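Reading through the structure tokens given below for one structure.
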Amino acid sequence: MARRDSFGGYEEERFKDKVDIKLQCSICLKVLKDPVQCPNEHYFCGSCIRKCLRENAKTCPMCQHHLTEETLTKPPRILTELLDSLMIRCDHENRGCPELVKLEFLDRHVNSCGYSPTRCTNAGCAEAMNRHEKERHEREQCDFRKIVCDECGEQVIWKSSRVHPCFMRKEMDDLVSRLNVVQNDVRGIQDDVREVKDDVRDVKDDVKLTQEEMASIAKEATERCDLFTRKQKIFVCGGYDGMTRFNSVESYSWPENSWTLEPTMQEARSAPSAFVHGREIYVSGGWNGTKATDSIESLNVDKGHLEWTKSAVTMPISCRRHEMVCHENSAILTGGLSDGDNVSDGIYEISLDPPHDSKLLTQMPEPRCFHGCEIVDNQVMVVGGRTSTYFKDTKNTVYVYDLNNNECKTLPPLPFPIASMATVSYKGNVILIGGVNEKSQTLNSVVMYDVKTRKIKMLPCLNHKRAGSAAVITGNVIIAVGGYDYEAETFLNSVEYLDLSTNVWRELSPMTSKRNCPSAVMKPMY
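Below is the structure:
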């Protein structure tokens, strides 16, 4: 049934009818190819799950059940029969093949398809064409075909025929005839000029697109370079190690691959939220061991003597397990857990300029804490989280608040309930890193949610399960720090990073302290 010469499943667009989501691979989100299943009946393409098991954790990406290639089994026959009965377009549709065949007969059709690419057999020709065009090409169109001179009967290669004496004489006669029609050709020049102008406009559009692409690539490369050459540092603030709630701050320098203690904050803060505005790092809210706070303090990295100061900006509520992100000259606060375990459903805007007033923008359909929040294209994305402090109330919902239209909507959900994960935004996507599910199982999954298309892609799993971690992104490098493993009951100081150009998680030097529920930001130093 399945073709084994490519990785991942079949693109859904190739099928005549919409394919049931149950027939999609849980890793590549395409229609299953060479399907296998885990003991809990989660289905994957054979190539997808084997690659995942070889490169990442020995667990099912969906249920975290221990899994090896040997314990993979074939799915029920009813599933394979459903797949076999699907009508799919030929592999060579883009070459012109109009055929729709049952999936079980796809290999047979492709092997004999007249639109499959094939190479010319004439010596010296490397051109590829459709199989059904091969004979005509070799006989009538190929530059390296052999022809017989009508004058002398000698065999010559068509490409070299113009230097053959007989053909040269004939070409001279043709040239004389063509000179007589030059005037007619001149009349068409004006039409040609108009076509050229249209072509120039098309080229300008192509150049503009290329310039935009190059600007994006240059920005990404600059951010990576800044991290690797001390122009940026990762600041990790606060957290909890099981005994102490920290007011300490440490920073990571990539060239030295080492962590350095920075000036301490004025307050101890576990589960705060941090953001950057201008040249200042802001840390908001959190739990000091006895109560939640509404205070915000900041660190100006341009000052010669670094010192945290209490900000004139305050939060409209005292809370922890909230998220705060910067938008222009304001901070956006979403959700949060206050004293008495009350959970907020509000989205607030707080001015970072005097008089530092705040206002309620909207209320989410449900309250949220332990969630993730990012701003993508002027939209506040609120992903996952809980409605209470209980694991069972973990959600897979995605809310979006449009800052332009002042409108809050519910988008298609995440693939599973998740809370206490770290999040970053990347090229119109929100990436969810680690976390814990409704069964209190710590996750090592990495989920990429496309805000525009609503499609979900699973990225390579973390090396370590981690909930309550923090993460930053610079260029196309994601760095995940700290957290807690509920199964192992372990607080983490480990640090790992994923280069999205290679899709492999690698280890960095650990932090000086184990930190669960810290906050982290990427800050330019000069």
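For the sequence shown, position 89 (counting from the first letter as 1) is numbered 276 according to the numbering used here, and the numbering increases by one without interruption. Positions of the beta carbon are idealized from the N, C-alpha and C atoms, including for glycine. These numbers were taken from a predicted model, which means no experiment stands behind them.
Quick one: what's got a C-beta closer than 7 Å to residue i's C-beta in the same chain, skipping five residues either side?
| i | result |
| --- | --- |
| T260 | V223, Q224 |
| A244 | N631, C648 |
| E200 | none |
| H229 | S213, C247, M249, C250 |
Let me make sure I understand the geometry here. Which of the options has the alpha-carbon closest to that of residue i?
| i | options | result |
| --- | --- | --- |
| E694 | L290, H651, G426 | H651 |
| P542 | E494, E200, S498, L687 | S498 |
| Q328 | C312, E228, A654 | C312 |
| I275 | G655, V288, T574 | V288 |
| Y427 | N487, R507, D271, I660 | R507 |
| L687 | G571, V500, K644 | K644 |
| R264 | D221, I214, L240 | D221 |
| N444 | T581, E200, Y684, K596 | Y684 |
| V617 | L601, F231, F678 | L601 |
| T581 | P262, C595, T597, A606 | A606 |
| C595 | I483, K321, L547 | L547 |
| C277 | L619, S348, N298, E494 | N298 |
| S338 | P503, S348, G662 | Correcting the residue type first, residue 338 is Glu in the shown sequence and not Ser. E338 has its Cα closest to that of S348, out of P503, S348, G662. |
| F462 | K710, R641, I208 | K710 |
| T629 | D637, L679, K642 | L679 |
Might you give, ordered along the chain, the residues of its own chain that have their beta carbon closer than 6 Å to the beta carbon of residue i, omitting 5 neighbours on each side?
| i | result |
| --- | --- |
| W446 | E437, Y439, M698, T699 |
| R306 | A315 |
| L646 | V633, M635 |
| N227 | C250, H252 |
| H464 | C513, L539 |
| E553 | T574 |
| E510 | S460, T521, C560 |
| N591 | N565 |
Between the beta-carbon of residue i and the beta-carbon of residue j, is there less than 7 Å?
| i | j | result |
| --- | --- | --- |
| V218 | G195 | no |
| H558 | V569 | yes |
| F433 | V708 | no |
| D528 | T584 | no |
| S460 | D481 | no |
| F578 | S517 | no |
| R466 | G425 | no |
| T549 | Y588 | yes |
For the alpha helix (DSSP H) holding residue i, just list the boundary residues, first then last.
| i | result |
| --- | --- |
| K238 | 233 to 242 |
| S299 | 293 to 299 |
| E536 | Per DSSP, E536 belongs to no alpha helix (DSSP H); it is in the beta strand (DSSP E), 533 to 538. |
| T267 | 264 to 272 |
Along the chain, where does the beta strand (DSSP E) containing residue i start, and where does it finish?
| i | result |
| --- | --- |
| L287 | 287 to 289 |
| L548 | 545 to 550 |
| L598 | 594 to 598 |
| G615 | Neither: G615 is in no beta strand (DSSP E) and is coded neither H nor E. |
| I666 | 664 to 672 |
| M249 | Taken as a continuous stretch (DSSP letters only), M249 belongs to no beta strand (DSSP E), as it is neither H nor E. |
| L524 | Run containing L524: none; DSSP gives neither H nor E here. |
| K333 | 333 to 335 |
| Y586 | 585 to 589 |
Using a Cβ-based criterion (distance less than 6 Å to any ligand heavy atom), does residue i qualify as near the ligand MN?
| i | result |
| --- | --- |
| S485 | No copy of the ligand MN appears in this structure; indeed no ligand is present at all. |
Quick one: what's got a C-beta closer than 8 Å to residue i's C-beta in the same chain, skipping five residues either side?
| i | result |
| --- | --- |
| W345 | C329, D330, F331, R332, K333, I334 |
| N690 | L646, P647 |
What beta strand (DSSP E) runs, 3 residues minimum, are completely inside the segment 462 to 491? 467 to 471, 483 to 487
Every unbroken alpha helix (DSSP H) inside the segment 618 to 660 [4 residues or more]: none
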